[in-house]
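Everything on this sheet refers to the single structure shown next.
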Amino acid sequence: MGFDTVTRMQFFAGPGWQNAAVTAKCTLMQFPTASGFQLEGDMKARRIVVAMSGGVDSSVVAGLAAATGAETIGITLQLYDHGAAVKRAGSCCAGQDIRDARAVADRLGIAHYVFDHESRFRESVVDRFADEYMAGRTPIPCIQCNMGVKFTDLLQMARDLGADCLATGHYVRRVMGSTGRAELHRAHDPARDQSYFLFATTDEQMDFLRFPLGDLPKPQVRSLAQDMGLIVAAKPDSQDICFVPDGDYAAVVRKVRPDADTGGEIVHVDGRVLGEHKGLIHYTIGQRKGLEIGGQPVPLYVIKLDAATRRVIVGPRAALATRAAEIVDMNWIGGSYDGPMQAKVRSLARPAPVTIEGSGANRRLVFLQPEYGVAPGQAAVLYAGDRVLGGGWIASTEPVEASLAA
Numbered sequence: 090m091g092f093d094t095v096t097r098m099q100f101f102a103g104p105g106w107q108n109a110a111v112t113a114k115c116t117l118m119q120f121p122t123a124s125g126f127q128l129e130g131d132m133k134a135r136r137i138v139v140a141m142s143g144g145v146d147s148s149v150v151a152g153l154a155a156a157t158g159a160e161t162i163g164i165t166l167q168l169y170d171h172g173a174a175v176k177r178a179g180s181c182c183a184g185q186d187i188r189d190a191r192a193v194a195d196r197l198g199i200a201h202y203v204f205d206h207e208s209r210f211r212e213s214v215v216d217r218f219a220d221e222y223m224a225g226r227t228p229i230p231c232i233q234c235n236m237g238v239k240f241t242d243l244l245q246m247a248r249d250l251g252a253d254c255l256a257t258g259h260y261v262r263r264v265m266g267s268t269g270r271a272e273l274h275r276a277h278d279p280a281r282d283q284s285y286f287l288f289a290t291t292d293e294q295m296d297f298l299r300f301p302l303g304d305l306p307k308p309q310v311r312s313l314a315q316d317m318g319l320i321v322a323a324k325p326d327s328q329d330i331c332f333v334p335d336g337d338y339a340a341v342v343r344k345v346r347p348d349a350d351t352g353g354e355i356v357h358v359d360g361r362v363l364g365e366h367k368g369l370i371h372y373t374i375g376q377r378k379g380l381e382i383g384g385q386p387v388p389l390y391v392i393k394l395d396a397a398t399r400r401v402i403v404g405p406r407a408a409l410a411t412r413a414a415e416i417v418d419m420n421w422i423g424g425s426y427d428g429p430m431q432a433k434v435r436s437l438a439r440p441a442p443v444t445i446e447g448s449g450a451n452r453r454l455v456f457l458q459p460e461y462g463v464a465p466g467q468a469a470v471l472y473a474g475d476r477v478l479g480g481g482w483i484a485s486t487e488p489v490e491a492s493l494a495a
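Residue numbers for the sequence shown, in the working numbering: 90 to 495.
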């Protein structure tokens, strides 16, 4: 999906673009045309809904959509009142971000609507986030948000508004495959690629979604924002879970589930009790630091979290080696595929060669080489080169014998 470009004397003739200084600044700039939105026909007869978070990426998408001549509508979902929750200023999905999105829409001269989705977000994302930690799993709330709030609820809103597509600021690419079905591919900028978090996107959703930034590096996106005169051009990227901007996810879990700090034993894989912990929510598979069990002859890692007994099982790195994993709720994107594939079991992990066994929604994922730090609750996302084949949730793992993994 490449962008054609044209030279524009003025980016958009909305009410925010009326002063001569802005017009002059945009002179001779190169901007993507309608091909980035993969819509055919007269763009003036099209309607594009843009999911606007208040960040630079979605703001630029809104500007690019408006530049095509299509009627452009921005939608922002108020998801989480973080300030009210922990006495801080507004964070992502609330407060200042909503104000920024509205200011960008005013600048571009497009309609902008805000919908209160806090209750739905709390039930489908925040509560589940807490429950997963309580169950000894390591959740990925961003994927849950994409599956429900963003790519189900927001997509339906866009359809209700009569949109031809819903455009987002995700760094992925939508590519039409040889079978005529839309495929999900990695972004051209590997440092920004977000394909891991979109593995659960359905074929029906792919037909309606557009990702105009998939071909662009982040510096160019910021440059576009600056040239558009958007107040968010230099706004920092969000680095953490949106409802945990300070990184203290345990505080959020405790707020939702007050018994989250119930302690238990720290037990070695050989059965020795090494100490006590202050709650499973403070640990994840593969963790080494913060175990508070010093004096051990070799470094120890978290191998397993047993919610039933409230035990944290630790052991040497060799005990982390995984040969296979049970994957549930599999989703496939863009049709069948029979060739070699790789899997990512963490967002920052390198894709590892795998085979997949079984049929239906639950499968067995087999690693061709031992994989370390595979955590129940995380996603296993399947790739064939740059193409995202789909993926599922890691329900359980099968260890490699220590002698083979060493």
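Glycine included, every Cβ here is placed at the ideal spot set by N, Cα and C. Because the structure is a prediction, the values reported are computed rather than measured.
Distance between beta carbons of residue j and residue i, contact taken as under 8 angstroms
{"i": "L168", "j": "V261", "result": "Their Cβ separation, rounded to whole angstroms, is 21 angstroms, which puts L168 and V261 out of contact at 8 angstroms."}
{"i": "G163", "j": "A194", "result": "5 angstroms"}
{"i": "D146", "j": "V310", "result": "6 angstroms"}
{"i": "G404", "j": "L389", "result": "6 angstroms"}
Alpha carbon of residue i to alpha carbon of residue j, nearest angstrom
{"i": "N108", "j": "L302", "result": "Low per-residue confidence applies at N108: pLDDT is 33, beneath 50, and the placement is therefore not dependable, though the value from the model is reported in the following sentence. Approximately 28 angstroms, taken between the alpha carbons."}
{"i": "K287", "j": "R476", "result": "Correcting the residue type first, residue 287 is Leu in the shown sequence and not Lys. L287 and R476: Cα-Cα distance of roughly 12 angstroms."}
{"i": "D326", "j": "A314", "result": "14 angstroms"}
{"i": "G152", "j": "L394", "result": "47 angstroms"}
{"i": "L197", "j": "T157", "result": "12 angstroms"}
{"i": "R343", "j": "Q376", "result": "20 angstroms"}
{"i": "V175", "j": "R135", "result": "Because the pLDDT at V175 is just 39, under 50, the model does not fix this residue reliably, and the value given afterwards should be weighed accordingly. Distance between the alpha carbons of V175 and R135 is about 42 angstroms."}
{"i": "M246", "j": "S436", "result": "29 angstroms"}
{"i": "I382", "j": "A140", "result": "47 angstroms"}
{"i": "S124", "j": "V333", "result": "37 angstroms"}
{"i": "G179", "j": "E212", "result": "Because the pLDDT of G179 is 40, which lies under 50, any placement of that residue in the model is unreliable, and the number read from its coordinates should be weighed accordingly. Looking at the two C-alpha atoms, the distance is approximately 20 angstroms."}
{"i": "I392", "j": "R452", "result": "22 angstroms"}
{"i": "T398", "j": "A410", "result": "23 angstroms"}
{"i": "G130", "j": "A155", "result": "16 angstroms"}
{"i": "C331", "j": "S485", "result": "27 angstroms"}
{"i": "S448", "j": "A289", "result": "17 angstroms"}
{"i": "D348", "j": "A339", "result": "11 angstroms"}
{"i": "G364", "j": "Q385", "result": "12 angstroms"}
{"i": "L128", "j": "I137", "result": "10 angstroms"}
{"i": "G143", "j": "D316", "result": "17 angstroms"}
{"i": "D186", "j": "D427", "result": "43 angstroms"}
{"i": "D189", "j": "K307", "result": "19 angstroms"}
{"i": "A396", "j": "G368", "result": "10 angstroms"}
{"i": "A266", "j": "W421", "result": "Just to set this straight, residue 266 is Gly in the shown sequence, not Ala. Their backbone Cα atoms lie some 14 angstroms apart in a straight line."}
{"i": "R217", "j": "D278", "result": "31 angstroms"}
{"i": "T227", "j": "A450", "result": "21 angstroms"}
{"i": "Q119", "j": "L305", "result": "Confidence is the limiting factor: at Q119 the pLDDT is only 48, short of 50, which leaves the residue's position unreliable, though a coordinate-based value still follows. Roughly 13 angstroms between the two C-alpha positions."}
{"i": "M132", "j": "S208", "result": "36 angstroms"}
{"i": "F126", "j": "A438", "result": "30 angstroms"}
{"i": "A432", "j": "S312", "result": "34 angstroms"}
{"i": "A568", "j": "P442", "result": "Outside the shown range of the chain, which is 90 to 495, sits residue 568, and nothing can be said about it."}
{"i": "T351", "j": "H366", "result": "9 angstroms"}
{"i": "A192", "j": "G251", "result": "24 angstroms"}
{"i": "G184", "j": "G423", "result": "37 angstroms"}
Short Cβ contact (8 angstroms threshold) for residue i with residue j
{"i": "Y222", "j": "I374", "result": "no"}
{"i": "T165", "j": "V214", "result": "no"}
{"i": "A219", "j": "V362", "result": "no"}
{"i": "I483", "j": "V455", "result": "no"}
{"i": "V150", "j": "A323", "result": "no"}
{"i": "V401", "j": "G353", "result": "yes"}
{"i": "M430", "j": "Y372", "result": "no"}
{"i": "Q283", "j": "L244", "result": "no"}
{"i": "A413", "j": "A469", "result": "no"}
{"i": "D242", "j": "H206", "result": "yes"}
Nearest to residue i (by Cα), restricted to the options the options
{"i": "C254", "options": "D350, F300, P429 and T165", "result": "F300"}
{"i": "P440", "options": "G480, D418, A408 and G423", "result": "G480"}
{"i": "Q458", "options": "P465, T444, I187 and R281", "result": "T444"}
{"i": "V489", "options": "A280, W482, E460 and A468", "result": "E460"}
{"i": "A200", "options": "G184, G466 and E160", "result": "E160"}
{"i": "T268", "options": "V434, G447, S425 and D278", "result": "S425"}
{"i": "S148", "options": "Q294, A280, K133 and I320", "result": "I320"}
{"i": "V264", "options": "F297, A252, G251 and A469", "result": "F297"}
{"i": "Q434", "options": "D278, Y285 and T351", "result": "Here the sequence assigns Val to residue 434, which means Gln is not the residue at that position. Selected option, being the one with the closest Cα: Y285."}
{"i": "F240", "options": "T291, Q467 and P230", "result": "T291"}
{"i": "E446", "options": "G251, R209, S208 and I416", "result": "I416"}
{"i": "A62", "options": "E487, G251 and F126", "result": "Absent from the structure is residue 62, since the part of the chain shown begins at 90 and ends at 495."}
{"i": "G466", "options": "P230, A252, P442 and R191", "result": "P230"}
{"i": "G258", "options": "A276, G318 and F210", "result": "A276"}
Distance cut-off 7 angstroms: residue i Cβ against heavy atoms of the ligand ATP
{"i": "L250", "result": "This structure does not include the ligand ATP; it has no bound ligands of any sort."}
Meets three-Cβ-pair contact criterion under 8 angstroms: the stretch 267 to 286 and the stretch 458 to 478: Proximity of the stretch 267 to 286 to the stretch 458 to 478 meets the contact definition, three or more beta-carbon pairs being nearer than 8 angstroms.
Stretch pair the stretch 350 to 368 + the stretch 225 to 234: three plus CB contacts closer than 8 angstroms: Verdict: no, contact absent.
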